[in-house]
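For reference, the structure discussed in these notes is given below.
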Amino acid sequence: MNLPPLHTPRWLRNGNIETLYAKTLQQPPPAYRRELLPDSTGQTLTAYDFIDSPNPDAPLVVLFHGLEGSSRSHYAVALMQAVQAKGWHGVVAHFRSCGGVPNTAPVFYHSGDSPEIGFMLATLAERYPRIYAAGVSLGGNALAKYLGEQGRSAIPQAAAVVSAPVDLTAAGARFDHGLTRLLYTRYFLDSLLPKARATGFHADLLNRCKTLGDFDDAFTAPLHGFADRHDYYRRASSKPLLPHITVPTLLLNAVNDPFLPSIALPNTAQVSPQVTLLQPTCGGHCAFVSGRGRGSLDWMPQTVLSYFEQNA
């Protein structure tokens, strides 16, 4: 497999600093064409932001975003700009409540919602005969779980799973302590809590949430049929399903990702032969800044699209 090397600037080799710095390299989003389409429950609409190729026969790259992400997230913009430059179709498929579209369904979205991934891919497969799928962070774990569950029935011709917390128990423990809790918890809770309160589900418990683990115990787990957050993390993690993936899949994780301890990263014995592990020393979480000077976000899109081309 011939993939471009990652050249992280020497001054940017701390996982937290790189994760936060990557957002300063944000480019303006492309001119998306938005469609609002039903989710799998049929009780709410979700946003699909498309990039249309002038070539109707070009493949489609679908991106599943991370926790509280959207088509305007820095990694989504970088990937969709690269898709557009290549002349392919692209779409960012938003989970319920994301992308500025209110959720009216009785459920939310979560790291293990592989049925929703399957529904979105089936919706897109009605229009596009050739689909490549990329998932980042939460969306990456859900995509990997879908690929492992579906095996040869999976829709994408190839896939890329980027910065995914494939071991949610390990990621959950990381988020409950230290710098990861200090730097990121409030950012996510400030976005999640108003949406969760709007459902009216466990409003009293939500008011007491101090960590993402608290949120998962109070909201995510009980709303979606899990006993508690520990049951949710165990059953929603994609790592046990990685040996069952039959679609060519790039699994990209930085060793210094602050969201997942390196000891939890899978090795070659824990994945199928169809999974290519790429674990650069640096990259942070959804960052992968490369190049000279201030650097750029080009490496991840170039790597993902090169992988897709080599597995066409």
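Residue numbers 1 to 312, in full-length UniProt numbering, belong to the letters of the sequence shown in order. Ideal Cβ positions, reconstructed from N, Cα and C, are used throughout, including at glycine.
What does the Cβ neighbour count give for R229, buried or exposed, with the cut at 16 atoms within 10 Å? buried
Let's test the definition: count the other Cβ atoms within 10 Å of the Cβ of residue 313 and tell me whether it reaches 16, buried, or not, exposed. In this structure the chain extends from 1 to 312, so residue 313 is not present and cannot be described.
Which ranges does the beta strand (DSSP E) cover as unbroken runs of at least 3 residues, wholly within the segment 9-62, from first to last along the chain? Correct list: 33-38, 45-51.
Inter-residue spacing [alpha-carbon to alpha-carbon] between G225 and A154: 25 Å
So who's on the other strand from L251, going by DSSP bridges? V161, L277
Residues bridged to H89 (per DSSP): L60
Can the beta-carbon of A85 be found closer than 9 Å to that of L124? no
Determine which residues share a DSSP beta bridge with Y109 and list them. Bridge partners of Y109: none, in fact.
Check each candidate in R181, A312, N311, V304 and name the one with the smallest Cα separation from V83. V304
Whole angstroms are fine: how far does the CA of N2 sit from the CA of N207? 50 Å
Assigned secondary structure, S296 (DSSP; H/G/I helix, E/B strand, else coil): DSSP places S296 in strand when its eight states are reduced to three.
Quick one, which of S306, N311, L193, W299 has its alpha-carbon nearest residue 332's? Given that the chain is displayed from residue 1 to residue 312, the structure contains no residue 332 and the question cannot be resolved.
Below 8 Å on the Cβ atoms is my guess for V62 versus L121; work out the distance and round it to an integer in Å. 7 Å
Alpha-carbon spacing of H285 relative to I17, whole angstroms: C-alpha separation (whole angstroms): 10 Å.
Where A133 sits in the DSSP three-state scheme: Note: A133 maps to strand in three-state DSSP.
Using 10 angstroms around the beta-carbon of A309, count the other beta-carbons present and answer buried if the total reaches 16, otherwise exposed. For the record, residue 309 in the displayed sequence is Glu; it is not Ala. Per the 10 Å Cβ criterion, exposed.
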